[in-house]
Each structure stands twice: as C-alpha cells, then as structure tokens.
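Notes to accompany the following structure.
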Amino acid sequence: MTTAQRTENAPKPQESRELARLVVQAATNARQGFAKSAGGFGIPITLCRALLLLDEPRSMRHIAEQLGCDPSYVTSLVDQLTKYGLATRTTGSDRRVKLISATDTGVALRTRLAAAVSGDAAFGRQLTAEQRAQLKDLLMLLLRP
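If you count the sequence shown from 1, position 134 lands on 134 in full-length UniProt numbering, and the numbers rise without skipping.
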C-alpha cells in the first residue's frame with residue numbers, strides 16, 4: 001500500500017478513537033473471562049498464561065513475545081513455575097538458550113486449564129466461525145508492525 005493510499009484510507013480521529021475503545025473493551029472482556037475461568041487452579045493468572053504456552057519446550061524469549069512482556073520478567077515467571085513443580089529449565093541445542101518445559105504435573109494442570117478456558121470461552125461466542133476468522137485476520141493486520 002502506498003503512502004497516498006494509506007492517507008486516503010486513514011480513519012477520522014473520532015472513528016479511530018471509537019475503534020480503539022472497542023478493541024480495548026473487547027480485550028478487557030477477554031482478560032476478565034480468562035481470569036474467571038483460570039482463577040480456581042491455585043496459581044496466579046500470569047502463571048496460568050505462561051503454562052498454557054508450554055505445549056512444547058519454549059525459549060524464554062518466545063514466552064516473553066507471546067505474553068507481551070520483557071524477557072527479564074519471564075525469568076521470574078519461570079522461577080515461580082519451577083517452585084510450583086510445573087516447569088523445568090533445560091539447555092537447548094544452542095547452549096545460550098534455555099528451554100522451558102512443562103513437568104508431568106505441569107502438563108496435567110495445563111490440560112485441565114486449557115479445557116476450562118476453552119470450555120468457558122464466552123469471548124467470541126456471539127460470532128459465527130466465519131466472523132471469528134475474519135476478526136482474527138483483522139486483528140493480525142492491526143498488530144502487524
């Protein structure tokens with residue numbers, strides 16, 4: 001898309017504010033729904049989010065990118081997951097990279113957590129499958145750098 005096309009397609013300030021407000025409200029609703037679904041598992045919600053990412057060994061950088069946080073914060077999360085017996089650190093093929101893996105206990109909790117979160121997924125329930133796919137595509141477009 002050229003600069004002229006971007007300028008021509010740019011939303012008016014009021015429209016832009018309204019879109020931003022709606023996106024923020026949708027994100028807030030999704031976050032609250034997640035917290036409600038994940039709240040009864042005996043670990044902080046931030047650890048629930050991190051544990052759900054461990055469907056396979058993941059680098060701390062990958063976890064940070066997915067959670068949208070600084071890699072140094074992930075160190076604290078992994079320390080806590082380790083303390084709860086839910087994850088372990090291993091060295092990957094690149095010795096500089098630590099991989100985080102769910103323990104057997106972590107896998108069991110992750111499975112129950114994923115079922116609870118997806119089973120109570122009120123977010124997007126009002127949309128058809130086609131609308132959810134379209135929304136996903138539009139959000140990915142908005143989030144592209």
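The beta carbon of each residue, even a glycine, is placed where N, CA and C say it ideally should be.
Any idea which residues DSSP pairs residue i with across the strands?
{"i": "LYS98", "result": "THR91"}
{"i": "ARG58", "result": "ILE100"}
Can you look up residue i in the DSSP assignment and give me helix, strand or coil?
{"i": "residue 148", "result": "With the chain running from 1 to 145 in the structure shown, residue 148 is simply not present."}
{"i": "ALA10", "result": "coil"}
{"i": "GLY42", "result": "coil"}
{"i": "GLY68", "result": "coil"}
{"i": "GLN126", "result": "coil"}
Starting from residue i, trace the alpha helix (DSSP H) both ways and give me its first and last residue.
{"i": "LEU53", "result": "Per DSSP, LEU53 belongs to no alpha helix (DSSP H) and is neither H nor E."}
{"i": "LEU142", "result": "129 to 143"}
Quick check: the Cα distance between residue i and residue j, rounded to an integer number of angstroms?
{"i": "ALA64", "j": "PRO57", "result": "14 angstroms"}
{"i": "ARG112", "j": "GLY124", "result": "21 angstroms"}
{"i": "LEU81", "j": "ALA87", "result": "5 angstroms"}
{"i": "CYS48", "j": "THR90", "result": "20 angstroms"}
{"i": "GLY92", "j": "ARG61", "result": "13 angstroms"}
Please indicate yes or no: does the CB of residue i lie closer than 7 angstroms to some heavy atom of the ligand NAP?
{"i": "LEU81", "result": "By its list of ligands, the structure shown contains no ligand whatsoever, and the ligand NAP lies outside what it can speak to."}
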